[in-house]
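Numbering (my numbering), first residue to last: 1 to 332.
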């Protein structure tokens, strides 16, 4: 009697598995079992994808990144299986469905909102320590956070007894921010509260009086902005003389390397519009609005914790700039 072959161990959980209708049709047509492909995906049977994909997936399994496998069906057709970083969902798709579709900012962040804080994002890991170092150096009481999102900095600043107004285009992102423990106000003029969140479009005139804020903060928004001079003019209008403007953005070198944030859900893959604004573009826009640039930082991939990149990717791109930060002051 022969010995039963031992099955390889499962490397991660699949969570809820969603099959797209197109993928189901391809599997039926080629008489391939989705369950067999899911088992290969889950147990690390990635040999047919090549050494680079195998190494990346091994790293992804160990470090909580998305795991993606592609399996050939014949006739040039294939199936792609992708498990999300939190291991709560796995998608069985065709490669065409995996190709990212660009959404507008409001629609994209509506889909992204619930996943934003749990997403393993090297850009945030590089940016946040440097932004907080600069904030600790500055003297200010009132803050406008433009593009506040899920409240990455609004809660931190309000805990330090600053008067903070967080503004964002996305009601979905602000809904996540509101669930975080803090004192919230619905009307921006309610000075009895330390933290206020409102929905507004930074591309329009903002609903605040001129010269109201000691600090205007805008983090990881500006790569979405086409008209930088107009935005900085609005920042300067809201700024108290002698105050500061602190901004950050995805660096254009990262965009050139193909690192554009992309997310998946049951409807497919999507990404947000970006503009390859250069550091000189940010400086010129700020200075044209009356600011004096105090400091500019270009932070490379080498600053990111090792868990975010596989060794080959880290070695290849360690000097690629990932994040841009600029501090500018409005003369008194």
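Note that beta-carbon positions come from the ideal geometry of N, C-alpha and C, so glycine has one too.
Residue from the options whose Cα sits closest to the Cα of residue i
| i | options | result |
| --- | --- | --- |
| residue 71 | 37, 57, 82, 252 | 37 |
| residue 171 | 162, 147, 156, 306 | 147 |
| residue 221 | 302, 306, 325 | 325 |
| residue 127 | 239, 162, 303 | 303 |
| residue 271 | 98, 239, 261 | 261 |
| residue 259 | 275, 106, 244, 245 | 275 |
| residue 285 | 60, 229, 298 | 229 |
| residue 64 | 85, 51, 73 | 85 |
| residue 317 | 157, 106, 197, 257 | 257 |
Residue i versus residue j: straight-line alpha-carbon distance, rounded
| i | j | result |
| --- | --- | --- |
| residue 131 | residue 125 | 11 Å |
| residue 212 | residue 241 | 9 Å |
| residue 45 | residue 75 | 22 Å |
| residue 82 | residue 102 | 19 Å |
| residue 119 | residue 32 | 32 Å |
| residue 56 | residue 313 | 9 Å |
| residue 164 | residue 252 | 30 Å |
| residue 315 | residue 299 | 16 Å |
Helix, strand or coil at residue i according to DSSP, with G and I counted as helix
| i | result |
| --- | --- |
| residue 89 | strand |
| residue 62 | helix |
| residue 291 | coil |
| residue 260 | coil |
| residue 320 | coil |
| residue 300 | strand |
| residue 15 | coil |
With 16 other Cβ atoms within 10 Å as the buried cut-off, status of residue i
| i | result |
| --- | --- |
| residue 201 | exposed |
| residue 154 | buried |
| residue 160 | exposed |
| residue 227 | exposed |
| residue 122 | buried |
| residue 152 | buried |
| residue 187 | In this prediction, residue 187 has a pLDDT of 42, which is less than 50 and means its spatial position is unreliable; nothing more can be read from the coordinates. |
| residue 15 | exposed |
| residue 205 | exposed |
Cβ distance (whole Å) where residue i is taken to contact residue j below 8 Å
| i | j | result |
| --- | --- | --- |
| residue 243 | residue 309 | That pair is no contact at about 37 Å. |
| residue 17 | residue 92 | 7 Å |
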